[in-house]
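See structure below.
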Amino acid sequence: MPQEVLLGVDVGTTSIKALTVTPAGIILGEASAPTPWRHQGPWADADAGALADVAIDVCARAAQAAGSVKVRSIGVTGIAEAGALIDRSGAPCAPVLAWFDPRGDAAAVRAIVEPRDYQRATGRRLNSKPSLMKVMWLRANIASARDAVRHLCVAEWVVRALGGDEVSEASLASRTGMLDIAERQPWPVAVELVGDLLPSQRVWAGDPAGQVQGESIPESLRGATLAVAGLDHQAAVLISGASRDGALFDSMGTAEALIRTIAQPLSRDDIEWLTDRDIDVDWSVRPDHQILLAGRLTGLTLERIAAMLGADDRAARTALGEAAAALERTVDSPRLVDVSNDGVTLGRITDGVSPAATWRAVVEDLTAMAGEALEQMAHVVGEPDSAVLGGGWTRNPMVARAKREQLGSPTFVDISEPGALGAAFQGGVAAGLLERPGTDGVPLWQVSA
-8 MPQEVLLGVD
2 VGTTSIKALT
12 VTPAGIILGE
22 ASAPTPWRHQ
32 GPWADADAGA
42 LADVAIDVCA
52 RAAQAAGSVK
62 VRSIGVTGIA
72 EAGALIDRSG
82 APCAPVLAWF
92 DPRGDAAAVR
102 AIVEPRDYQR
112 ATGRRLNSKP
122 SLMKVMWLRA
132 NIASARDAVR
142 HLCVAEWVVR
152 ALGGDEVSEA
162 SLASRTGMLD
172 IAERQPWPVA
182 VELVGDLLPS
192 QRVWAGDPAG
202 QVQGESIPES
212 LRGATLAVAG
222 LDHQAAVLIS
232 GASRDGALFD
242 SMGTAEALIR
252 TIAQPLSRDD
262 IEWLTDRDID
272 VDWSVRPDHQ
282 ILLAGRLTGL
292 TLERIAAMLG
302 ADDRAARTAL
312 GEAAAALERT
322 VDSPRLVDVS
332 NDGVTLGRIT
342 DGVSPAATWR
352 AVVEDLTAMA
362 GEALEQMAHV
372 VGEPDSAVLG
382 GGWTRNPMVA
392 RAKREQLGSP
402 TFVDISEPGA
412 LGAAFQGGVA
422 AGLLERPGTD
432 GVPLWQVSA
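All residue numbers for the sequence shown refer to the working numbering, where the first residue is -8 and numbers rise by one.
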């Protein structure tokens, strides 16, 4: 008799990953494929149909890798801001712009609304990243985009392509710039600009969103309960046990994501104060909770500095971290002057400065920058009562040491695909096989390092 399994999918920036997991949390199979972006200079977009096809194929291969199984549920998480525009026939009518694509037309929105009012309503800064700005550009430059009646974030679109319902999941809708965060309703200004594009069926991550169906869908997936598992960072928060009031999750990947989960929704004044400091306010994957999210360039900067110092693999970076941790920093040590998407500026690079001294200085200065965001969050919602730390850079001895000093005694989690695993868990919740985490925020699948 086939074993019942849950399938989790993470539609990520560089790849689409899927895990096949037992209801007890044991991984039986996995598969992945590159996200099918088409690049032209700084631009990146994808055909919505191709994106869905790759995700469905990855699901089928992950199920096949698990052997003789029956897929009971599929949860889908993924990147935010990027989304598919759907016309009245239910077909995509424009390309999917990547979240990092700079074409979003912020100027057109700024001409209509003051940045302050935008921040107070949507919980984020007015720039080219949110979905609203991407839709504005698409409508101005691609005629078929004007036929759109619906916008689906990529995880929502994959669920729809699998035969599921058109739903608006709270954590993803928060990233569109089309949702009034305080009201959890479409923002009237966005409706005036592009129409009411958010699906009317509003759900929390892990709510059922139909079943897999359709002749074009692999038979091995048909009949599975579907769920949108929310923003990929938040799926990782949930599976790591940090989705509760008062907890901090610090994800140390290419981007450092600092996430505070709170039970009490914030006022518009607090939202404005935080967004002035580049801290977003979103709805959580945990029902009726919000999050504060600060993204920082920590991991990207560490990658650049490690490459500059000749530490091109994990072993070399570990050795560099060990050497750095054994040093004492002095007033003459290097210091980090500036960090941006374009590059890194260092100061006090004098004769005899060692790679280890440089590494220690960079790690400590980046940690201090993250600390500023943590202090700003605490100013509004208080100090966290616990911290969970994950991501690949936590394996570096110097980074781990700096984070221990900053966070006290964080719980370290080491999960290779936390987004996909969190999505699988949320799919199990939708199918009634698992329960949402309780007040302690700890899921049934407890993972730690």
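Ideal placement from N, C-alpha and C gives every residue a C-beta, glycine not left out.
| Item | Value |
| --- | --- |
| DSSP three-state assignment for G446, whether helix, strand or coil | For residue 446 there is no data in the structure shown, the boundaries of the chain being -8 and 440. |
| Exposed unless 16 or more other CB atoms sit within 10 angstroms - verdict on H370 | exposed |
| Three CB pairs or more closer than 8 Å across the segment 29 to 42 and the segment 185 to 192 | no |
| Counterpart residues of L239 in DSSP-defined beta bridges | R251, A378 |
| Three or more C-beta pairs below 8 Å linking the segment 383 to 403 and the segment 350 to 367 | yes |
| 6 Å CB neighbourhood of M127 in its chain, flanking five on each side removed | D96, A99 |
| Alpha-carbon to alpha-carbon, V158 and V60 | 28 Å |
| Extent of the continuous alpha helix (DSSP H) to which W384 belongs | Run containing W384: none; DSSP gives neither H nor E here. |
| Backbone secondary structure at V322 - three-state DSSP | coil |
| Residues near P106 by beta carbon distance below 8 Å, same chain, minus five either side | R116, L117 |
| Collapsed DSSP secondary structure at G20 in the structure displayed | strand |
| Beta-carbon proximity check, M368 vs I270, cutoff 8 Å | yes |
| Beta-carbon proximity list for G338, same chain, < 6 Å, skipping 5 on both sides | R326, V328 |
| C-alpha distance - R166 paired with A71, whole-angstrom precision | 6 Å |
| Cβ neighbour criterion (16 or more within 10 Å) applied to I65 | buried |
| Cβ-Cβ distance between A75 and V87 below 8 Å | yes |
| As assigned by DSSP and simplified to three states, the class of K120 | coil |
| Beta strand (DSSP E) runs contained entirely in the segment 20 to 63, provided each spans 3 or more residues | 29 to 31, 34 to 37 |
| Segment contact, 8 Å Cβ cut-off, at least three pairs: the segment 130 to 140 with the segment 246 to 257 | no |
| 3 or more residues per run - each beta strand (DSSP E) lying fully within the segment 196 to 233 | 216 to 222 |
| Nearest-angstrom Cβ-Cβ length linking P25 and T4, presumed shorter than 8 Å | With a Cβ gap of about 10 Å, P25 and T4 do not count as contacting. |
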